[in-house]
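Q:
Chains as they are written, first to last, in the working numbering: chain A, 1 to 254; chain B, 1001 to 1254.
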């Protein structure tokens, strides 16, 4: 089987954060698969067929892409950020495992990307400079109580949290409930950042305390990444410019 | 104050994974600061002074770089991978907070990079496709017992683990002790991957069980990233090619 399938990370949005490796894979592709807005980020050109699909259609999209690669196409499945973080890489391998034996012989290459969380962290300072956990707040694919358990366990262990998929029209109350739950293990003044549409023209970054964030979850949306600091997190005040937030490398011992 | 300081992520090693934004910052720099092997990855050119330093000298290096920027230099502080993950961004902001007030007015920009963990994950499949924790195994900057507590808490909560700095000449026994401790909360057959020198000519990726890994920690070194899966992690066997490992998007409910 000669087909090839690239799972490509497009980064957070800024074209200057697309790697040369990702650009080279996109330049070779005959077929492009992905969620509509990500497919739209790749310029049209002769010889490239774009197959945009809906947000929730990951497995069907992965199967269509694999079938096309099995026919001999050079297929690129695109994700925003890094494809291995709550994105298409898992869906592709899930489809491979459940699919025809022949799909296992395909040349599948995952091409990493600048994740939304690293792009957002870079804007803020270095909030992820110490141990951290990365958790999706979507309860579509895991039980809500497990999610609460994970959040509290990670926060109680002193890990900084980066939360993906904090809120959507179909999941309007989860973020507030999650922050309230974190209030049982973290101090009210724990720093929280809502980083939205990072590197895009409408980028918006808000510094809040845990208490403030819990009361202001309507300021987050599908394109928001939420950071929750620890007792160690430091904030550097600046005159006339946004503060810097960072995680010190060392943990203070009482 | 007109000086500028970029904290630049060089990615895991492959030049095709250096972003155009990182390349542009490096092209502007008058002075380059970093650990010797990272500085060596940036080509010499007229007008660029390279200031390599030792591995453990992060704060001193950050201060020297900030002082140079305060004199009006265009400074690039380079890290492998992403500068916000156990790398120079935290050290720079720590030095800013402790340094002269004037350093707060510097134009400091963190430029994200492809982290070693995402490059390694891409090679393996999608081991980080679900909730995960990123933990440095160095006990230079935090108490060993806190580290064990974090590892067990994250593993018991069902998070995939990505372990940085697993082993070094000065810290030879920590990885085995950490894996043994994880054996108290994870099954012996839990998948472990040692991913070394990813994207470099001497790249080496080894699939082990937790039991095997505990007995084979000498196969890891300073350039190894260790992944530890969960009960959910899936492995796709392939004939004549390395297996794929991935974290399914959904958590099975018993």
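For glycine and all other residues, C-beta sits at the position ideal for the given N, C-alpha and C.
Remember, it's a predicted structure, so these values are computed and weren't measured experimentally.
Could one say the Cβ of residue 253 of chain A lies closer than 9 Å to chain B's Cβ atoms, at least one of them?
A: yes
Q: Buried or exposed, going by whether 16 or more other CB atoms sit within 10 Å of the CB of residue 11 of chain A?
A: buried
Q: Could you check whether the Cβ of residue 1169 of chain B sits closer than 9 Å to any Cβ belonging to chain A?
A: no
Q: Could you check which residue in A:190, A:137, A:101 and A:20 has the C-alpha nearest to that of residue 1131 of chain B?
A: A:137
Q: Count the other C-beta atoms from every protein chain shown that fall within 10 angstroms of the C-beta of residue 56 of chain A, then say buried if there are 16 or more, exposed otherwise.
A: exposed
Q: If you follow the alpha helix (DSSP H) that residue 1090 of chain B is in, where does it begin and where does it stop?
A: 1088-1098
Q: List, in order along the chain, the chain B residues whose C-beta lies closer than 7 Å to that of residue 68 of chain A?
A: Residues of chain B passing the Cβ test: none, with the nearest at roughly 19 Å.
Q: By the 7 Å beta-carbon criterion, what residues does the region 1215-1234 of chain B contribute toward chain A?
A: 1234
Q: Give a yes or no on whether 9 Å exceeds the smallest Cβ distance from residue 76 of chain A to chain B.
A: Judged by the 9 Å Cβ criterion, residue 76 of chain A is not in contact with chain B.
Q: Can you tell me which of B:1196, B:1185 and B:1088 puts its alpha carbon nearest to the alpha carbon of residue 1032 of chain B?
A: Cα-wise, what sits closest to residue 1032 of chain B is B:1088.
Q: Tell me, which residues are paired with residue 131 of chain A by DSSP?
A: Residue 131 of chain A pairs with nothing; no bridge assigned.
Q: Is any beta-carbon of chain B found at less than 9 Å from that of residue 43 of chain A?
A: no
Q: Which of the three DSSP states is assigned to residue 1159 of chain B in this structure?
A: coil
Q: Checking contacts by CB at 9 Å: is residue 82 of chain A closer than that to chain B?
A: yes
Q: Give me the Cα-Cα distance between residue 1081 of chain B and residue 108 of chain A, rounded to the nearest whole angstrom.
A: About 23 Å.
Q: Count the other CB atoms within 10 Å of the CB of residue 215 of chain A; is the residue buried (16 or more) or exposed (fewer)?
A: exposed
Q: Closest by CA to residue 90 of chain A, which one among A:160, A:150, A:63 and A:125?
A: A:63
Q: Quick check on the DSSP output: what are the complete beta strand (DSSP E) runs of length 3 or more inside the region 1182-1236 of chain B, in order along the chain?
A: Fully enclosed beta strand (DSSP E) runs of 3 or longer: 1191-1196, 1204-1209, 1224-1228 and 1234-1236.
Q: Excluding five sequence neighbours on each side, which residues of the same chain lie with their C-beta closer than 8 Å to the C-beta of residue 83 of chain A?
A: 7, 8, 9, 77, 89, 110, 111, 112 and 113
Q: Please state the DSSP three-state secondary structure of residue 1050 of chain B.
A: Note: residue 1050 of chain B maps to strand in three-state DSSP.
Q: Along the chain, where does the alpha helix (DSSP H) containing residue 1040 of chain B start, and where does it finish?
A: It is not in any alpha helix (DSSP H) - residue 1040 of chain B carries neither H nor E in the DSSP assignment.
Q: Would DSSP call residue 10 of chain A helix, strand or coil?
A: coil
Q: Assuming residue 206 of chain A contacts residue 194 of chain A under a Cβ cut-off of 8 Å, what Cβ separation, rounded to an integer in Å, is found between them?
A: 5 Å
Q: When you compare each of A:121, A:122, A:75 and A:51 to residue 27 of chain A by their alpha carbons, which one comes out closest?
A: A:75
Q: At the 9 Å Cβ level, is residue 1246 of chain B part of the contact set with chain E, yes or no?
A: Protein chains in the displayed structure are A and B, and chain E is not among them.
Q: Please state the DSSP three-state secondary structure of residue 108 of chain A.
A: strand
Q: Report the neighbours of residue 185 of chain A on chain B: residues whose CB is nearer than 9 Å to its CB, in chain order.
A: None at all; the shortest Cβ gap to chain B is about 11 Å.
Q: Opposite residue 81 of chain A in the DSSP bridges: which residues?
A: A:11
Q: Would you kindly work out how many angstroms separate the C-alpha atoms of residue 1058 of chain B and residue 1222 of chain B, rounded to a whole number?
A: 17 Å
Q: Could you check whether the region 238-246 of chain A touches the region 1115-1135 of chain B, counting it as contact only if at least three pairs of C-beta atoms, one from each stretch, sit closer than 8 Å?
A: Contact between the region 238-246 of chain A and the region 1115-1135 of chain B is not established, with fewer than three Cβ pairs separated by less than 8 Å.
Q: I believe residue 65 of chain A touches residue 106 of chain A by the beta-carbon criterion, under 8 Å. Please report the beta-carbon distance rounded to the nearest angstrom.
A: At roughly 10 Å, the Cβ-Cβ gap does not stay under 8 Å, so residue 65 of chain A and residue 106 of chain A are not in contact.
Q: Any idea what DSSP makes of residue 1076 of chain B, helix, strand or coil?
A: When DSSP states are grouped into helix, strand and coil, residue 1076 of chain B belongs to the strand group.
Q: One question on the structure: do residue 15 of chain A and residue 1020 of chain B come within less than 9 Å of each other, judged by their Cβ atoms?
A: yes
Q: By DSSP's criteria, residue 63 of chain A is part of a beta bridge. Which residues make up the other side?
A: Paired residue(s): none; residue 63 of chain A is not in a bridge.
Q: Under DSSP, the alpha helix (DSSP H) around residue 1137 of chain B begins and ends at which residues?
A: Where residue 1137 of chain B is concerned, there is no enclosing alpha helix (DSSP H), given that its DSSP letter is neither H nor E.
Q: By Cβ distance, which residues of its chain are closer than 6 Å to residue 13 of chain A, with the 5 residues on each side in sequence left out?
A: 199 and 200
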